[in-house]
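Asks: I'd like to ask some things about the structure below.
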Amino acid sequence: MLRWVTTPPWSWFSLRVGIVKLKVEDILKPPVSGHIDKLADMLTEELKPGTMVALLEARGDRVDFAQRLVTGGLRVTRLPVFSRENQELVALPQSDDPWWFLITSSSYLKSLADDLVMQKMDPNAVHWIGNVLTLKEGVSRVAPEARYHVVENFIPERVLETVAKQ
Numbered sequence: 282m283l284r285w286v287t288t289p290p291w292s293w294f295s296l297r298v299g300i301v302k303l304k305v306e307d308i309l310k311p312p313v314s315g316h317i318d319k320l321a322d323m324l325t326e327e328l329k330p331g332t333m334v335a336l337l338e339a340r341g342d343r344v345d346f347a348q349r350l351v352t353g354g355l356r357v358t359r360l361p362v363f364s365r366e367n368q369e370l371v372a373l374p375q376s377d378d379p380w381w382f383l384i385t386s387s388s389y390l391k392s393l394a395d396d397l398v399m400q401k402m403d404p405n406a407v408h409w410i411g412n413v414l415t416l417k418e419g420v421s422r423v424a425p426e427a428r429y430h431v432v433e434n435f436i437p438e439r440v441l442e443t444v445a446k447q
């Protein structure tokens, strides 16, 4: 049996809607966001030796997680399906409605805020959505007056519920 694993936990969404149609419960995610060791422990304890694992990860991720799973008796295929590199923001049309940005890392907040300013948009007027409070600190450094919304996870229904409440 093939099992699907995502790192970081929010990347399962790409798998669910983009690559294959799976239910949320079919995809193994870290029990605690950011704790790859706990995910490795969970997988090696719960899965039978010889189980095939498709590991969805960022391009350029370290190999130690995959190696740990192999050492635990699992068969691992690494699938680098996304990149953590900063991308230039596309030109956004002017709108009377607020823009919403889903953020997963603070590493690109500064460049994103700079891109917004270059487009004559105020980063403070943007609604920022993330899944951890630590991202709020990063947002407040680049846009001190912006609104930050925490969602438990990036399931589309949760994100849309958050937007609809505003």
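In this text, residue positions in the sequence shown follow the working numbering: the first is 282, and each later residue adds one. Ideal placement from N, C-alpha and C gives every residue a C-beta, glycine not left out.
(1) Can you give me the Cβ contacts of T325 inside the same chain, cut-off strictly under 6 Å, excluding the 5 residues immediately before and after it?
(2) Touch check for the stretch 413 to 427 and the stretch 388 to 401: three-plus C-beta pairs under 8 Å?
(3) Short check: CB of A394 to CB of R349, under 7 Å?
(4) Would you list the one or two residues that DSSP bridges to I410?
(5) Report the residue from R359, F346, L355 and K401 whose alpha carbon sits nearest the alpha carbon of A372.
(6) Extract the residue ranges of the alpha helix (DSSP H) inside the stretch 330 to 374, only unbroken runs of 4 or more that lie entirely within it.
(7) Using the Cα positions of G299 and L370, report the straight-line distance between them to the nearest angstrom.
(8) Using DSSP with H/G/I as helix, E/B as strand and the rest coil, what is L397?
(9) Grab the span of the alpha helix (DSSP H) containing A321 for me, first residue to last.
(10) Pick helix, strand or coil for P425, following the three-state DSSP scheme.
(11) Take V432 and list the residues in its own chain whose beta-carbon comes closer than 7 Å to its own, dropping the five residues that flank it on each side.
(12) My output table needs one value for S376: the three-state DSSP class, helix, strand or coil.
(13) DSSP on K446, reduced to helix/strand/coil?
(14) Would you grab the beta carbon distance between L397 and L360 for me? Rounded to a whole angstrom, and I think it's under 8 Å.
(15) Quick check: the Cα distance between V351 and D318, rounded to an integer number of angstroms?
Replies: On the basis of the coordinates in this document:
(1) G353
(2) yes
(3) no
(4) L383 and H430
(5) K401
(6) 345 to 352
(7) Annotation note: pLDDT 48 at G299 (below 50); position unreliable, coordinate value reported separately. Between G299 and L370, the C-alpha separation is close to 22 Å.
(8) helix
(9) I317 to E327
(10) coil
(11) I410, N412, R439, V440 and T443
(12) coil
(13) coil
(14) Actually they do not touch by this definition, with Cβ atoms about 32 Å apart.
(15) 14 Å
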